[in-house]
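Peer 1: Dropping the structure in here first, questions after.
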Amino acid sequence: MVYTQEEVEAHLAKLEGWQLEEGRWIVRKYVFASFMKGISFVDEVATISEAFDHHPFITIDYKNVTLRLTSWDEGGITALDIKEAHQFNELFEKMRSGEKR
């Protein structure tokens with residue numbers, strides 16, 4: 016079931032860093048300490064995405080990784096997008112907590 020814009024916004028309020036874009040995507044940019052840390056993140060994102068059988072659009076710009084999610088077959092943002100975004104955020108926090116500061 017596709018969420019309304021209000022429902023998406025309510026979920027995003029609890030989902031750090033994610034924003035609604037063009038009314039049909041949820042998007043987050045992650046910033047890493049190095050290019051290779053970003054690539055490691057993308058590798059783990061791919062594993063999570065395969066498990067969900069739901070794949071984000073991924074853009075890699077040096078140390079920045081941007082993920083875009085939507086449910087094409089449903090025609091908008093669904094619970095699957097929100098759940099997967101939470102997983103990506105958990106992965107990011109796990110990777111970030113392992114970095115030297």
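Per my numbering, the very first residue in the sequence shown carries number 16; after that it's consecutive.
Where is the CB? At the ideal position from N, CA and C, for every residue including glycine.
Here the structure is a predicted model, which is why all the values come from computation and not from measurement.
Does at least one heavy atom of the ligand COA sit under 7 Å from the Cβ of L35?
Peer 2: Although the ligand COA was asked about, the structure shown includes no ligands whatsoever.
Peer 1: On a Cα-Cα basis, can you pick out the residue from R111, F107 and I63 that is closest to E99?
Peer 2: Out of R111, F107 and I63, I63 has the C-alpha closest to the C-alpha of E99.
Peer 1: Along the chain, where does the alpha helix (DSSP H) containing D58 start, and where does it finish?
Peer 2: F50 to F67 is the extent of the alpha helix (DSSP H) around D58.
Peer 1: Using a Cβ distance threshold of 8 Å, determine whether the stretch 58-75 contacts the stretch 20-39, with at least three qualifying pairs required.
Peer 2: No: the two stretches stay apart, fewer than three of their Cβ pairs being nearer than 8 Å.
Peer 1: Which residue from F50, I97 and I41 puts its Cα closest to that of Y77?
Peer 2: The residue with the shortest Cα to Cα distance from Y77 is F50.
Peer 1: Could you spell out the range, first to last residue, of the beta strand (DSSP E) harbouring E36?
Peer 2: Note, E36: beta strand (DSSP E), Q34 to E36.
Peer 1: When you compare each of R83, S55, D68 and E105 to T74 by their alpha carbons, which one comes out closest?
Peer 2: That would be R83, whose Cα lies nearest to the Cα of T74.
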